[in-house]
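Okay, structure first, notes after.
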Amino acid sequence: MLRGTQFGDSKYWFYYTEGVELRWREVGGIAGSNPPADTPGAKKILWLDKGIKSLLAAEGDNPGVKAGLAILMSHEMTHFSDYKQIGSCATEYCRFILENNGFLSGMMTYHELRSKNLTPKKGSKFNTVFLEEQEFYLDVWNYKHGGPKPDISSYPLILKLKDLPDGSPGRGPYEQATQILKKIKLGKNRFSFSEVVNVRYGYKETPSASAMLLHPADSDKCSLLFRTIYEAELKYSDWRKSIGAPVVTPPPTYAPPSPNPSPGQSSGSLPQGGNTANTDPHGGGNTSPLPGINTPPFTPNPQFPHNSWPTSGQ
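Residue numbering for the sequence shown is 82 to 395, as defined by the working numbering.
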């Protein structure tokens with residue numbers, strides 16, 4: 082499904098040419114990746130949860146399952162691609178940018194698939210919570226770029242989860258969406274998915290400077306990743322115009338940083354800091370070579386709970 086799409090084709094070819102291997106196991110979410118990105122010569126492995134394999138076997142013709150897997154692959158291949166560029170990631174802020182790139186990639190892939198009628202329509206029995214989350218992220222992007230603010234009532238599958246007990250794992254998508262809507266601010270940060278990443282993983286856009294001082298190499302890496310996201314945003318904006326989608330403008334503070342910061346210094350507009358653990362940016366416990374969107378020529382796995390992939394009709 083990714084092949085031949087503007088935002089997915091390069092990720093498909095990255096998967097194919099880089100020899101990324103798909104394996105199935107219980108991963109405590111939807112996906113994870115191993116081994117650490119800076120392991121020399123290590124094979125790139127994307128672990129997918131066995132539950133997805135069961136869904137594919139049972140509902141292989143379900144367009145919701147197919148589209149969901151394509152979006153997930155787009156997010157994950159972005160991580161692999163980003164890590165191929167930067168080698169490793171030592172700070173929370175670096176992982177914050179990686180996750181922004183992942184969500185951006187998944188959202189763009191979703192929007193393109195939807196524009197080609199490759200996703201289930203609203204109200205279809207094939208629609209899923211996972212795909213409705215992608216619609217929500219698309220609306221978040223629109224709002225951050227001048228569109229109307231999303232309304233939780235527009236996402237019936239997510240809203241339905243409100244009836245589950247407080248603290249229930251299955252209630253996660255509803256709780257996350259409502260928290261994001263409380264935090265979201267128009268034009269107050271340079272990343273389209275700042276609040277999404279903060280709510281999903283706890284990563285902040287402006288962590289303390291101490292971690293970056295301990296890991297000055299991350300300053301250059303963050304500048305590179307930031308540039309990648311900036312170019313992807315511009316490419317997506319041009320694509321929107323080509324399909325007649327509403328023309329939007331970048332957030333007021335969105336601008337690429339200085340490309341060559343001095344060692345140990347911030348790259349102009351880049352905040353710094355965070356914890357220094359070199360872990361999977363998804364926070365799933367797997368050390369990981371996580372990647373990004375737009376590595377020339379061209380995004381982590383959102384670690385969604387299992388209930389984000391309901392069978393048709395749920």
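Every residue gets a Cβ at the ideal spot worked out from N, C-alpha and C, and that includes glycine. On a predicted model such as this, the values are computed, not experimentally measured, just so you know.
- Taking a C-beta distance under 8 Å as the contact criterion, A151 and F217 do not qualify as a contact pair.
- Within the model, the alpha-carbon separation for A290 versus E276 is close to 20 Å.
- The closest CA to that of Y224, considering only T98, P327 and L83, is found on P327.
- Note on D319: under 16 other CB atoms within 10 angstroms of its CB, so exposed under the neighbour-count rule.
- Between C170 and V280, the alpha-carbon positions lie close to 20 Å from each other.
- F274 and A139 have their C-alpha atoms roughly 33 Å apart.
- Membership of V221 in the alpha helix (DSSP H) is indicated by the continuous run V210 to K225.
- The segment 181-194 and the segment 305-314 touch, with no fewer than 3 CB-CB distances between them shorter than 8 Å.
- Of all C-beta pairs linking the segment 161-170 to the segment 194-208, fewer than three are shorter than 8 Å, placing the two stretches out of contact.
- Residue environment for R106: exposed (fewer than 16 other C-beta atoms within 10 angstroms of its C-beta).
- For H192, same chain residues with a beta-carbon under 7 Å away, outside a window of 5 residues either side, are L219 in chain order.
- By the beta-carbon neighbour count (other beta carbons within 10 angstroms, threshold 16), R104 is exposed.
- In terms of CA proximity to V146, K206 leads the group V101, F272, K206 and N181.
- Here C170 carries a coil assignment [DSSP, helix/strand/coil].
- Around N208, the same chain offers G145, P201 and L238 as residues with beta carbons nearer than 7 Å, after the five sequence neighbours per side are excluded.
- In the DSSP annotation of this structure, P246 is not part of any alpha helix (DSSP H), being labelled neither H nor E.
- Burial is judged here by how many other beta carbons sit within 10 angstroms of a residue's own beta carbon; I324 has fewer than 16 and is exposed.
- Here L194 is buried. Its C-beta has 16 or more other C-beta atoms within 10 Å.
- Look at T259 here: in three-state DSSP terms it is helix.
- Bounds of any alpha helix (DSSP H) do not take in F207, whose DSSP letter is neither H nor E.
- Burial state of G149 is buried, judged by a 10 Å Cβ sphere holding 16 or more other Cβ atoms.
- DSSP, reduced to helix, strand and coil, places Y191 within a helical segment of the structure shown.
- Residue state for A151 is assigned as helix, using DSSP reduced to three classes.
- In the structure shown, T159 adopts helical secondary structure according to DSSP, grouped into three states.
- Between N181 and V278 the beta-carbon gap is near 6 Å, inside 8 Å, which marks them as a contact.
- A direct Cα-to-Cα measurement between L83 and F95 gives close to 11 Å.
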